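> My questions all concern the structure below.
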Amino acid sequence: MNYAYLRRVYARRAELEAKLELHDARYCFGEEEVDDGTKTDLNQRIEEISKEIAALERSPG
3 MNYAYLRRVY ARRAELEAKL ELHDARYCFG EEEVDDGTKT DLNQRIEEIS
53 KEIAALERSP G
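Below, the structure written as C-alpha cells:
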C-alpha cells in the first residue's frame, strides 16, 4: 500500500469535508439563499474519495 498517496487522499477528503461544513454554515446563517448544487457536488465527491480510500486500504501492500 502506498501510504504517502493514502495520506494525500485522506487530506483531500478532509478538505472536502471542511468545504461542506463551511457551505452548511453559510447556508444556515443566510449568506447563501439557495443550495446551488454545491452541497450535492461536495457530498458526491466525498463519497467517491471515501470509496477510493476503502479500495486502497483493502489492497495488499
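Position 54, counted from 1, in the sequence shown is what the working numbering calls 56; the numbers after and before it change by one each time, with no gaps. Note that beta-carbon positions come from the ideal geometry of N, C-alpha and C, so glycine has one too. Remember, predicted model here, so these are calculated numbers, not experimental data.
1. Helix, strand or coil: which one does DSSP assign to residue 33?
2. Quick one: what does DSSP say residue 45 is sitting in, helix, strand or coil?
3. Using a Cβ-Cβ cut-off of 8 Å (strictly less than) and excluding sequence neighbours within five positions of residue 15, which residues of its own chain qualify?
4. Given that a residue counts as buried once 16 or more other Cβ atoms are within 10 Å of its Cβ, and exposed if not, what is residue 18?
5. To the nearest angstrom, how far is the alpha carbon of residue 27 from that of residue 8?
Inspection of the coordinates gives the following:
1. Position 31 of the sequence shown, counting from 1, holds the residue named residue 33. DSSP places residue 33 in coil when its eight states are reduced to three.
2. Reading the sequence shown from its first residue, position 43 is the one you call residue 45. If DSSP states are grouped into helix, strand and coil, residue 45 belongs with the helices.
3. Counted from its first residue, the sequence shown places residue 15 at position 13. Around residue 15, the same chain offers 48, 51, 52, 55 as residues with beta carbons nearer than 8 Å, after the five sequence neighbours per side are excluded.
4. Counted from its first residue, the sequence shown places residue 18 at position 16. The residue is buried, with at least 16 neighbouring Cβ atoms inside 10 Å.
5. For this step, residue 27 is matched to residue 25 along the sequence shown. For this step, residue 8 is matched to residue 6 along the sequence shown. Roughly 29 Å between the two C-alpha positions.
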